[in-house]
Amino acid sequence: MKPKCLNKRLILITLLTSLLAGLALFSPIPTAQAASKTVTFAATGTSFPTAYKANNKLVGFDVEVANTAAKRLGYTPKWITGSFDGLFGQLDTDKVDTIPNDVAITPERAQKYYFTTVYNKEDTTVAVKKSAPYKTLKDLEGKKVAGGAESNNTTNLRNYDKKIDLVTFEGRDDIYQALLAGHVDGVVNTRTNLNALIKEKGYKWKVLKGQAKSVDVALPFKKDARGKKLQQQFSKELKAMIKDGTIKKLSNKYFGYDITPNLKA
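With mature numbering (1 follows the signal peptide of the UniProt record, and there is no 0) applied, the sequence shown corresponds to residues -34 to -1, 1 to 231, in that order.
As structure tokens, then:
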């Protein structure tokens, strides 16, 4: 082969190699790497005021807390919705990373999941019609109270007083409709959620004094390597959000008062 031809081929090969290397710099991020920067959340989309839909958009206290923390950590948040009893199944099968939906820490859940820093504290109690004679939870013995089939609040009330007749429903709207229609004497939920619901809907209800139980609310993650990493990252960010006033701002927006005096940063 002549030297000139050889030189031309070497130059051509060098140019092609440089071109391919340059293209590699601008090639799309591999799917696995892109996925690692996405965090998938699950919520009911019907849990007012923590995770519900307004004008076809998912909003609420827990939704904004999760979105803010994710974005600060450099993650793109992705949401899916479903019934509350199915959300943990989604978490167990790696379809979602966590559940920002007013999830209370229980001994059973703590054994199965990694939980973040607590970002809300809730009291389980009952709302009844204003015209009802009941003043405390004990007044409901022998009466019907509606609650979620898989709700921690339902469990708390059942454990508090087994003489209260609990009627369970799958959907949150069905629970509230049961009281509006007079089929039950009260509805069980957290004090925060009940007060916000009464204010938003204008229901002629009152929240009874006392509580069945006080619980801590946090984000649950699956007990694996990814779950541990996310739990540590979100815990750190939630603490920062408590310190910098973000949680205070969001709680005032959705609950009407500041919840942070009861939280540890």
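Note that beta-carbon positions come from the ideal geometry of N, C-alpha and C, so glycine has one too.
None of the values given here were measured: they were computed from a predicted structure.
Could you pull the start and end residues of the alpha helix (DSSP H) that residue i belongs to?
{"i": "Phe7", "result": "Counting along the chain, Phe7 falls outside any alpha helix (DSSP H), though it belongs to the beta strand (DSSP E) covering Thr4 to Ala9."}
{"i": "Ser49", "result": "It is not in any alpha helix (DSSP H) - Ser49 carries neither H nor E in the DSSP assignment."}
{"i": "Gly222", "result": "Gly222 -> no alpha helix (DSSP H), and no H or E assigned at all."}
{"i": "Val31", "result": "Phe27 to Arg38"}
{"i": "Tyr126", "result": "Asn118 to Tyr126"}
{"i": "Lys202", "result": "Ala191 to Lys209"}
Using 10 angstroms around the beta-carbon of residue i, count the other beta-carbons present and answer buried if the total reaches 16, otherwise exposed.
{"i": "Glu203", "result": "buried"}
{"i": "Asp63", "result": "buried"}
{"i": "Gln198", "result": "exposed"}
{"i": "Pro73", "result": "exposed"}
{"i": "Arg192", "result": "exposed"}
{"i": "Gly108", "result": "exposed"}
{"i": "Gly114", "result": "buried"}
{"i": "Glu30", "result": "buried"}
{"i": "Gly26", "result": "buried"}
{"i": "Ala36", "result": "buried"}
{"i": "Ala162", "result": "buried"}
{"i": "Asn22", "result": "exposed"}
{"i": "Ala32", "result": "buried"}
With a threshold of 8 Å on Cβ separation, who are the neighbours of residue i within its own chain once the five nearest residues in sequence on each side are excluded?
{"i": "residue 240", "result": "Limits of the chain in this structure are -34 at one end and 231 at the other, which puts residue 240 out of reach."}
{"i": "Leu229", "result": "Val84, Tyr85, Asn86, Lys87, Ile208 and Ile213"}
{"i": "Gly(-13)", "result": "Residue placement at Gly(-13) is poorly supported in this model, since its pLDDT is 48, which falls under 50; the coordinates are not used for a value here."}
{"i": "Lys194", "result": "Tyr80 and Phe187"}
{"i": "Lys129", "result": "Glu107 and Gly108"}
{"i": "Pro227", "result": "none"}
{"i": "Glu136", "result": "Ser49, Asp51, Gly114 and Ala115"}
Starting from the Cα of residue i, find the closest Cα among the options and give me that residue.
{"i": "Phe200", "options": "Asn228, Thr34, Asp105 and Gly113", "result": "Thr34"}
{"i": "Ala98", "options": "Leu174, Ile213 and Ala8", "result": "Leu174"}
{"i": "Leu24", "options": "Pro15, Gly11, Tyr126 and Ser117", "result": "Gly11"}
{"i": "Asp140", "options": "Glu166, Val111 and Asp127", "result": "Val111"}
{"i": "Asp127", "options": "Phe50, Ala178 and Lys96", "result": "Ala178"}
{"i": "Tyr79", "options": "Asp210, Asp60, Thr4 and Gly137", "result": "Asp60"}
{"i": "Leu160", "options": "Thr91, Leu185, Ala32 and Ile130", "result": "Thr91"}
{"i": "Gly183", "options": "Asp105, Leu145, Thr82 and Lys3", "result": "What sits at residue 183 in the sequence shown is Val, not Gly. Of the listed residues, the one whose Cα sits closest to Val183 is Thr82."}
{"i": "Thr16", "options": "Pro227, Phe221 and Thr226", "result": "Phe221"}
{"i": "Ala147", "options": "Tyr169, Ile130 and Asp51", "result": "Tyr169"}
{"i": "Ser49", "options": "Ser13, Ala32 and Ile71", "result": "Ser13"}
{"i": "residue 254", "options": "Ile71, Leu145, Pro227 and Lys215", "result": "The requested residue 254 does not occur in the structure, where the chain is confined to residues -34 to 231."}
{"i": "Thr158", "options": "Asn22, Asn21, Asp28 and Ala20", "result": "Asp28"}
{"i": "Ala20", "options": "Ala206, Gly211, Leu216 and Glu166", "result": "Glu166"}
{"i": "Leu39", "options": "Asp68, Lys3 and Asn67", "result": "Lys3"}
{"i": "Asp89", "options": "Glu136, Arg75, Asp210 and Asp68", "result": "Asp68"}
{"i": "Gln77", "options": "Arg138, Asp190 and Lys205", "result": "Asp190"}
Within the continuous beta strand (DSSP E) that includes residue i, where are the two ends?
{"i": "Lys78", "result": "Looking at the DSSP string, Lys78 is not in any beta strand (DSSP E); the run it does join, the alpha helix (DSSP H), is Pro73 to Lys78."}
{"i": "Thr82", "result": "Segment: none, Thr82 is in no beta strand (DSSP E) and carries neither H nor E."}
{"i": "Thr59", "result": "Careful: Thr59 lies outside any beta strand (DSSP E) and carries neither H nor E."}
{"i": "Gln159", "result": "Before going further, note that residue 159 is Asn rather than Gln in the sequence given. Taken as a continuous stretch (DSSP letters only), Asn159 belongs to no beta strand (DSSP E), being part of the alpha helix (DSSP H) at Arg157 to Lys167."}
{"i": "Tyr142", "result": "That residue, Tyr142, is in no beta strand (DSSP E); its alpha helix (DSSP H) goes Arg138 to Leu146."}
{"i": "Ala17", "result": "Ala17 to Ala20"}
{"i": "Ser180", "result": "Lys179 to Val183"}
{"i": "Ala112", "result": "Lys110 to Gly114"}
{"i": "Leu132", "result": "Asp131 to Phe135"}
{"i": "Pro186", "result": "Pro186 to Lys188"}
{"i": "Val173", "result": "Trp171 to Val173"}
Sorted by chain position, which residues of the same chain lie with C-beta nearer than 7 Å to residue i's C-beta, five sequence neighbours on each side aside?
{"i": "Asn218", "result": "Asp224"}
{"i": "Val94", "result": "Tyr100, Asp151, Gly152, Trp171, Lys172 and Leu174"}
{"i": "Tyr142", "result": "Val153"}
{"i": "Leu132", "result": "Val111, Gly113, Thr120, Leu123 and Arg124"}
{"i": "Tyr41", "result": "Lys3, Thr4 and Val5"}
Who are the near neighbours of residue i in its chain, counting only those whose CB is closer than 6 Å to its CB and skipping five residues on each side?
{"i": "Ala8", "result": "Ile46, Leu53, Gln56, Val62 and Ile65"}
{"i": "Thr6", "result": "Lys44, Val62 and Asp63"}
{"i": "Gly176", "result": "Thr102 and Leu103"}
{"i": "Asn155", "result": "Asn119"}
{"i": "Ile164", "result": "Trp171"}
{"i": "Ala231", "result": "Lys205, Ile208 and Lys209"}
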